[in-house]
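Worksheet for the structure shown next.
Chains as they are written, first to last, in the numbering used here: chain A, 80 to 494; chain B, 6 to 424; chain C, 128 to 290.
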């Protein structure tokens, strides 16, 4: 019988002819990602478990991003613990201020199509954008992988998501994934793989696919998958060989269900406070006064996102008494955005551009708000208290919607 | 009898022909600046403690959010919101995330001859344009806001004659730290530091800002240069005209006089935990650092960013060092962008942040941890200034700070180039 | 068959990990330092009120959001002996098993449960509330192994020949 993408990846990884949803198997891990915020806990558990060395130091990537730059007295302890761990166990892949973990893992070439990757962060699903099976885990589980190089998983069922057609102007991939999460619900894909295909998907850049894969966890999904194609090959700077080329869902594969969208029917949407699945059309929310806009995060901090925002804000100014904070997702993206003029346009409009990192998304600093304030943000979560007090309202949106709202001082679409 | 620049400015603001040190006068304030350090306190008092709240002249008020930007906590956000809402309601000029307050003031407001209060100790910066700027607390600011006036005890002036030229690789910051090291942290307590002489006249406005900005670290009430062609050029390029162009009279009286030969100045560093514990930088070379900071109202302008970028070209920040580079205003940032400096900083591994007080303020951005060491172009190195109480802060020029960031330990620029 | 009783705290649907422990506290050194802030955005007084042996009953998708393992650790440190919910988010589920926090899926109890009342849990069998039994399913074998080993750390220590 035919296989879905996740079934093919897992079967290939364990050397089986085929696997079925529900099977419990032990996979060989191709790469792991640990970030600064949980590093001390990983180190503690690793020591407690009694391991003397890493299963393969080359397969471990340590990235500082939540705490860059440090905002509390004890933050830099995480860097010292991380640096010491890396030195002790012979790790060379350490990124201290190069950007957000999920951006760097594919950008710096640590993840290739067909890989099995785990990270100490729920948005590790992002790397499905290049056809890898990637998922988030806790620090205890990460410590056990560091010692053994393996992890048990239950083969998930797959939900097929097909998006055909041409996206209307002003609709970005963020609007697609928000729509999907709204339709599925915050637990609609729990324990499942989301497999994306269709002509609109094929037409999308890898960066746009990244936005979709990044937010799969917000519907509870275990992972998201895109079939590797020429765009993937170009992004990863590789040639696709047989295995990655085979990573499409077979015609006779068994899917839990199929969800289909016609791209022409999609419109800009937002996730309303305080749930990611509370989706409404931007046009229904237009006119809502806002205090701040944040453009950045692993969801929407890439060059095409900054360019989309710059296009909207060219020649305009951020509305009086409104703050616009822009945080590129990596050092490389920041430089590219400088080179193409996007940074200049955004700063001239009044944006504060901060160093690549998680910034406001993780809610420790970077634009924290107070009672009664409202923010439009391009990140992936708007939970209660995420960016300040429990009386702060967070609306999630695409970079284009966010930029238009910054200029207007209220929620608005680009028309 | 002749008057010094400071006395002339105060006399003009008091509407009297003459003042002398020790006099107390009521002055009309030309402008008042307050930032997100204390404005929320001023606003609270305005609404709760004044019988007849009103603002004498809203056009003289400038509200600037620069210390905790972007906001780091709900508490910060609430105090900034209070400030924002007040500015909105009373139509007060409001700047948020556009740069450090003193940089904004110099770029957009200060005119020679003006008397300006700022709710921030480094308001003495404005002397670079021949104005009298002094730091006050939130209560004095409130009084000034409501009445448009304040009382001033006329300070004595101390003359600093600067002769000659700084050697290559030695900067105004080295000069000012040297001066503070010699006269001590209360060396000019309650006095005005007046800079003059051929060395002073040759200085750019930027360099004059570096000197005046740190005057409070010697206890001074203010610092000043004569308003000259350079000051006129600076303000006219920005569409402003002077209130008055003052120089000290030939027979003005000074409390004390110093002379500094600029050619003899060398790179220095202020050691933890005091701004006046100044030694030749070579004496502290080799101290391992965890973080370096290029920015602040003292050293965050294009001149200093150029120095940093020139050293960084083709080099990398040391692996274990966090090197924060923070332009002092959006205008400086844009110019740095234009000149390719931002690209150089990003390529070298530095951390570039939006214009704000950042590491100098030490409360929410680039905070250093237990036993860590910072070398900084900020204004202060008091115990715990940049983070953990056990941490240590050295002050140095942009060149020394950048060279140290590259080497991973305190190092002067000339030592770097020889390696 | 293991059996225990506890007083219940009722929480709603989609209780996410930002509610269970906000990000601003994640750089505190220990779980003990953090636990006082558990659930603070939603119910600031709850952490101080929870007693050893209490039980949480919640709606769907409990523990959704971040992979922060501090979430189940803090719930355990506060003294909660088990969380019963309509459904659990998957990363939270694994993290709880790895830390020995017992999670039970039960579709109907949440509809009738009143905060402050007591329930009795018979593991792998049912929950008794006001004389009515609500059935619960058994855990898969491999998870039972981890729990029986005392959590993942203990299982790994055994692998490395310790203890």
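No residue lacks a Cβ here, since even glycine has one placed at the ideal position from N, Cα and C.
Everything numeric in this text was worked out from a predicted model, so none of it was measured.
Three-way DSSP call (helix, strand, coil) for residue i in this model
i, result
"residue 300 (chain C)", "In the structure as shown, chain C begins at 128 and stops at 290. Residue 300 (chain C) is therefore absent and cannot be evaluated."
"residue 239 (chain A)", "strand"
"residue 226 (chain B)", "coil"
"residue 38 (chain B)", "strand"
"residue 358 (chain A)", "strand"
"residue 107 (chain B)", "helix"
"residue 195 (chain C)", "coil"
"residue 79 (chain B)", "helix"
"residue 166 (chain C)", "coil"
"residue 143 (chain C)", "strand"
"residue 210 (chain B)", "helix"
"residue 145 (chain A)", "coil"
"residue 96 (chain B)", "coil"
"residue 268 (chain A)", "coil"
"residue 88 (chain A)", "helix"
"residue 150 (chain C)", "helix"
"residue 33 (chain B)", "strand"
"residue 560 (chain A)", "A question about residue 560 (chain A) goes unanswered here, because the residues of chain A that appear run from 80 up to 494."
"residue 107 (chain A)", "strand"
"residue 230 (chain A)", "strand"
Residues near residue i by beta carbon distance below 8 Å, same chain, minus five either side
i, result
"residue 21 (chain B)", "30"
"residue 399 (chain A)", "488"
"residue 363 (chain B)", "298, 300, 301, 329, 331, 370, 371"
"residue 145 (chain A)", "114, 115, 116, 436, 437, 441, 443"
Minimum C-alpha distance to residue i - residue among the options
i, options, result
"residue 19 (chain B)", "B:53, B:105, B:157", "B:157"
"residue 307 (chain B)", "B:108, B:147, B:281, B:133", "B:108"
"residue 160 (chain C)", "C:185, C:181, C:187, C:200", "C:200"
"residue 406 (chain B)", "B:421, B:395, B:394, B:393", "B:421"
"residue 237 (chain A)", "A:440, A:304, A:245", "A:304"
"residue 139 (chain A)", "A:83, A:493, A:131, A:196", "A:196"
"residue 109 (chain A)", "A:214, A:117, A:80", "A:214"
"residue 236 (chain C)", "C:273, C:211, C:279", "C:211"
"residue 372 (chain A)", "A:339, A:250, A:221, A:476", "A:476"
Residues near residue i in its chain [Cβ-Cβ closer than 7 Å; skip 5 each side]
i, result
"residue 132 (chain B)", "138, 217, 227, 228, 229, 230"
"residue 112 (chain B)", "243, 334, 336"
"residue 45 (chain B)", "84, 87, 88"
Contacts that residue i makes with chain C (C-beta to C-beta distance below 8 Å)
i, result
"residue 218 (chain A)", "196"
"residue 441 (chain A)", "150"
Residue i versus residue j - alpha carbon distance
i, j, result
"residue 284 (chain C)", "residue 228 (chain A)", "16 Å"
"residue 221 (chain B)", "residue 187 (chain B)", "15 Å"
"residue 43 (chain B)", "residue 143 (chain B)", "6 Å"
"residue 297 (chain A)", "residue 191 (chain C)", "8 Å"
"residue 32 (chain A)", "residue 308 (chain A)", "Outside the displayed range of chain A (80 to 494) lies residue 32 (chain A), so it cannot be described from this structure."
"residue 320 (chain A)", "residue 328 (chain A)", "17 Å"
"residue 171 (chain C)", "residue 146 (chain C)", "10 Å"
"residue 378 (chain A)", "residue 289 (chain A)", "7 Å"
"residue 209 (chain C)", "residue 293 (chain B)", "50 Å"
"residue 269 (chain B)", "residue 165 (chain B)", "15 Å"
"residue 185 (chain B)", "residue 404 (chain B)", "19 Å"
Residues that residue i contacts on chain A, provided the C-beta gap is smaller than 9 Å
i, result
"residue 150 (chain B)", "The premise fails here: residue 150 (chain B) is roughly 20 Å from chain A at the closest Cβ pair, so nothing lies under 9 Å."
"residue 267 (chain C)", "103, 233"
"residue 235 (chain B)", "Within 9 Å Cβ-Cβ: nothing; residue 235 (chain B) doesn't reach chain A, min ~28 Å."
"residue 393 (chain B)", "152, 153, 155"
"residue 203 (chain C)", "Those do not exist, as residue 203 (chain C) stays about 12 Å from chain A at its closest Cβ, beyond 9 Å."
Chain-ordered chain A contacts of residue i [CB-CB under 8 Å]
i, result
"residue 161 (chain C)", "Result: empty, since nearest Cβ-Cβ is about 11 Å, beyond 8 Å."
"residue 183 (chain C)", "Simply none; closest approach about 17 Å."
6 Å CB neighbourhood of residue i in its chain, flanking five on each side removed
i, result
"residue 250 (chain B)", "117, 232"
"residue 134 (chain B)", "115, 117, 236"
"residue 374 (chain A)", "388, 405, 457, 478, 481"
"residue 222 (chain C)", "196, 199"
Neighbour list for residue i in chain B, Cβ cutoff strictly below 9 Å
i, result
"residue 381 (chain A)", "Near residue 381 (chain A) there are no residues of chain B at all, since even the closest Cβ is about 16 Å away, more than 9 Å."
"residue 400 (chain A)", "89, 90, 92, 93, 99, 101"
Interface partners of residue i on chain B, CB under 8 Å
i, result
"residue 446 (chain A)", "75, 76"
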